[in-house]
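**Student:**
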Amino acid sequence: MLSRRLPVAALTLVAALILAPLAQAQAGAWEQCGGNEWYSQCLVASATTTTTTTKTTSTTASTSTNTASCNAAADGFASLNGGTTGGAGGTVVTVTTQTDLAKYAAASGKYVIKVSGKITISPKGTEISVASDKTIIGIGTTGEIYEGGLRLIGVKNVIIRNLKIGNTYVPTDYEGKTQDWDAIQMDTASNVWIDHCLLEKAGDGLIDSRLDTTFLTVSYTILRDHNKAFGIGWTENVTSQITIHHNYFLNTNQRNPSADNIRYAHLYNNYLSNVTSYGHYARGSTEMRMENVYFEKVNNPVTKDSTAKLAASGNTYSSCTGTTASNSGTVFTPSTFYSYSLTATAQVPSVVKAQAGPQASICPS
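With mature numbering (1 follows the signal peptide of the UniProt record, and there is no 0) applied, the sequence shown covers -25 to -1, 1 to 340.
(1) Give every residue of the same chain whose Cβ lies closer than 7 Å to the Cβ of Asn212, excluding the five residues on either side of it in the sequence, and list them in chain order.
(2) Between the Cα of Ser82 and those of Gly57, Ser104, His255, spot the shortest distance and give me the residue it belongs to.
(3) In angstroms with no decimal places, state the Cα-to-Cα distance between Ser293 and Ser248.
(4) Any contact of the stretch 132 to 141 with the stretch 162 to 182, i.e. 3+ C-beta pairs under 8 Å?
(5) State the Cα-Cα distance for the pair Pro339 and Asp280, rounded to the nearest angstrom.
(6) Drop a sphere of 10 angstroms on the beta-carbon of Ala234, count the other beta-carbons inside from all chains shown, and report buried for 16 or more, exposed for fewer.
(7) Skipping 5 residues on each side, what residues in its chain have a beta carbon closer than 7 Å to that of Ala36?
(8) Where does the unbroken alpha helix (DSSP H) through Leu76 begin, and where does it stop?
(9) Ends of the alpha helix (DSSP H) at Gln330?
(10) What residue from Lys131, Gly208, Lys272 has the CA that sits closest to Ser260's CA?
(11) Pull up the distance between the alpha-carbon of Thr60 and that of Ile134, whole angstroms please.
(12) Between which two residues does the beta strand (DSSP E) harbouring His171 extend?
(13) If we ignore side chains and look at the alpha-carbon of each, how far apart do Ser21 and Tyr256 end up?
(14) For the pair the stretch 114 to 121 and the stretch 145 to 155, tell me if three or more CB-CB distances fall below 8 Å.
(15) Buried or exposed: which applies to Asp108, given that a residue is buried once 16 or more other Cβ atoms fall within 10 Å of its Cβ?
(16) By the 10 Å Cβ neighbour count, where 16 or more other Cβ atoms means buried, how is Ala331 classified, buried or exposed?
(17) Using the three-state DSSP reduction, which class does Asn267 fall into: helix, strand or coil?
(18) Helix, strand or coil for Gly206 per DSSP?
(19) So what does DSSP say about Gly180, is it helix, strand or coil?
(20) Is Ala158 closer than 8 Å to Ile197 when the C-beta atoms are compared?
(21) Which same chain residues end up closer than 6 Å to Ala223 when comparing Cβ atoms and leaving out the 5 residues on each side of it in sequence?
(22) Can you give the Cα-Cα distance for Ser165 and Ile112, rounded to whole angstroms?
(23) Rounded to a whole number of angstroms, what is the C-alpha to C-alpha distance between Lys176 and Asn302?
(24) Distance, Cα to Cα, Tyr269 vs Met263?
(25) Please report the residue range of the beta strand (DSSP E) in which Gly141 lies.
(26) I need the DSSP call for Thr320, collapsed to helix, strand or coil.
(27) Leaving out the 5 sequence neighbours to the left and right, which residues in its chain are closer than 8 Å to Asn52 when beta-carbon positions are compared?
(28) Pull up the DSSP beta-bridge partners for Leu127, would you.
(29) Nearest to Asn267 by CA position, among Arg126, Arg185, Val323, Ala300, is which residue?
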């Protein structure tokens, strides 16, 4: 979406807000400029410069009842609140058309929906509605939702894995002011796992997590070649619990992510490269734990509002400029909620490059 926050009572104003000014990343006195072929943006001049490196460790869908293949359970906060298993235990379908994808994604009951090959969405920018208890997963490395996206509104227990999604970008509208075409949009959703996806060149955001979406994990996903990568918030409530790990933010501008009013935000082992506006951003009343993140050629790698709490440790800053916010406040300990293992920071670029995005081994057939 285009505004910084959107209270629930104002949902009917979304269409009007599409023409609103850009978020805080574009407000204020802009004195630096940058971008790539997908956007151009002037950036806030920083008071300090950080350059040091800290070393630390139409075809009818086929159906079956065999759910042994292509199933996995989420980690992080998505593993809580009953867990996130998607359509495991339900009917397995393989889809090759938009009609079948939309049919099974919106159906009641549990479904594992395997996307075979490239599905071109029409009209461009259409977001397929996804109901509760669904797994949408690409077969091999070619499963793709092209020129469209996925939309999760008030649903629970959804897995999106091993897919390429995006290419709704409008060349004449790099700021995304004329439409709201996200790769993945979530409003008041719960228990969602986005894993091993490739998200690029959307019309608006690559991921918009809005209106108290919670128990969300985003892992091993590539977010690239885009202006607004991953926005979280659009609420005055401070209830969401989110884990973001082993993701690759490449050639992006803002929202990497921008985490606004998040009760618990756990970010670890992410790799950010060639980011022009800001990296990980704790906004509003967010409480953020950040561990072993590798920032490379990132402007303003770590930023925070004065009202946010931040505990960052083990990060590496390589050829970075601008602000690296200091720790402040008492921050939660993720291991009291779930188990996880940290990758040594020096290994993050190689691990994330090799393992993020769709993988042939995740769902071979």
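Note that CB positions come from ideal geometry on N, CA and C, so glycine has one too.
**Tutor:** Taking the geometry as given:
(1) If you number the sequence shown from 1, residue 212 lands on position 237. The beta carbon of Asn212 sits closer than 7 Å to those of Asp187, Asn236, all from its chain and outside the five residues before and after it, given in chain order.
(2) For the purposes of this step, residue 82 is taken as residue 107 along the sequence shown, with counting starting at 1. Checking the sequence shown, residue 82 turns out to be Ala, not Ser. Taking only the C-alpha atoms, the option nearest Ala82 is Ser104.
(3) Position 318 of the sequence shown holds residue 293. Position 273 of the sequence shown holds residue 248. Ser293 and Ser248 have their C-alpha atoms spaced approximately 9 Å apart.
(4) The stretch 132 to 141 makes contact with the stretch 162 to 182: 3 or more CB pairs, one atom from each, lie closer than 8 Å.
(5) Taking the sequence shown and counting its residues from 1, one reaches residue 339 at position 364. Taking the sequence shown and counting its residues from 1, one reaches residue 280 at position 305. Going from the Cα of Pro339 to the Cα of Asp280 covers about 44 Å.
(6) Along the sequence shown, read from residue 1 onward, the residue named residue 234 stands at position 259. With 16 or more other Cβ atoms within 10 Å, it is buried.
(7) For the purposes of this step, residue 36 is taken as the residue at position 61 of the sequence shown. Cβ contact annotation for Ala36 (same chain, cutoff 7 Å, sequence separation greater than five): Val68, Thr69, Val70, Asp75, Tyr79, in chain order.
(8) Position 101 of the sequence shown holds residue 76. 73 to 81 is the span of the alpha helix (DSSP H), which, as asked, contains Leu76.
(9) The count along the sequence shown starts at 1 and reaches residue 330 at position 355. Gln330 -> alpha helix (DSSP H) spans 323 to 330.
(10) Mapped onto the sequence shown, residue 260 falls at position 285. Minimum Cα distance to Ser260 is reached at Gly208.
(11) Along the sequence shown, read from residue 1 onward, the residue named residue 60 stands at position 85. Along the sequence shown, read from residue 1 onward, the residue named residue 134 stands at position 159. In a straight line, the C-alpha of Thr60 is about 7 Å away from that of Ile134.
(12) Numbered from 1 along the sequence shown, position 196 holds the residue referred to as residue 171. His171: not part of any beta strand (DSSP E); DSSP gives it neither H nor E.
(13) For the purposes of this step, residue 21 is taken as the residue at position 46 of the sequence shown. For the purposes of this step, residue 256 is taken as the residue at position 281 of the sequence shown. Confidence at Ser21 is low in this model, with a pLDDT of 34, below 50, so its placement is unreliable and the value that follows should be read with caution. When rounded, the distance between both Cα atoms is 15 Å.
(14) Touching, no, given that fewer than three Cβ pairs across the two stretches are closer than 8 Å.
(15) The residue given as residue 108 occupies position 133 in the sequence shown. Result: buried.
(16) Counting from one through the sequence shown, the residue named residue 331 turns up at place 356. Here Ala331 is buried. Its C-beta has 16 or more other C-beta atoms within 10 Å.
(17) On the sequence shown, position 292 is the one that residue 267 refers to. Judged by DSSP in its simplified three-state form, Asn267 adopts coil rather than helix or strand.
(18) In the sequence shown, counting from the first residue as 1, residue 206 sits at position 231. It is a strand residue.
(19) For this step, residue 180 is matched to residue 205 along the sequence shown. Here Gly180 sits in strand by DSSP.
(20) Within the sequence shown, numbered from 1, the residue matching residue 197 stands at position 222. Within the sequence shown, numbered from 1, the residue matching residue 158 stands at position 183. The beta carbons of Ile197 and Ala158 sit no closer together than 8 Å.
(21) Locating residue 223 in the sequence shown gives position 248, counting from the first residue. Strictly speaking, residue 223 in this sequence is Tyr, with Ala absent from that position. Cβ within range, chain order: Ile197, Tyr246, Val327, Ala331.
(22) Working through the sequence shown from its first residue, we reach residue 165 at position 190. Working through the sequence shown from its first residue, we reach residue 112 at position 137. Straight-line Cα distance between these residues: approximately 19 Å.
(23) Stepping through the sequence shown from its first residue, residue 176 is reached at position 201. Stepping through the sequence shown from its first residue, residue 302 is reached at position 327. Whole-angstrom Cα-Cα distance: 33 Å.
(24) Looking up residue 269 in the sequence shown gives position 294. Looking up residue 263 in the sequence shown gives position 288. Distance between the alpha carbons of Tyr269 and Met263 is about 16 Å.
(25) What you label residue 141 is simply residue 166 of the sequence shown in a count that begins at 1. Start and end: 139 to 141.
(26) Along the sequence shown, read from residue 1 onward, the residue named residue 320 stands at position 345. Judged by DSSP in its simplified three-state form, Thr320 adopts helix.
(27) For the purposes of this step, residue 52 is taken as the residue at position 77 of the sequence shown. The sequence shown places Phe at residue 52, rather than the Asn named in the question. The answer, listed in chain order, is Thr189, Phe190, Leu191, Thr192, Gln216, Ile217, Thr218, Tyr239, His241, Phe312, Tyr313.
(28) Translated into positions along the sequence shown, residue 127 becomes position 152. Answer by DSSP bridge pairing, in chain order: Met161.
(29) Numbered from its first residue, the sequence shown carries residue 267 at position 292. Asn267 has its Cα closest to that of Val323, out of Arg126, Arg185, Val323, Ala300.
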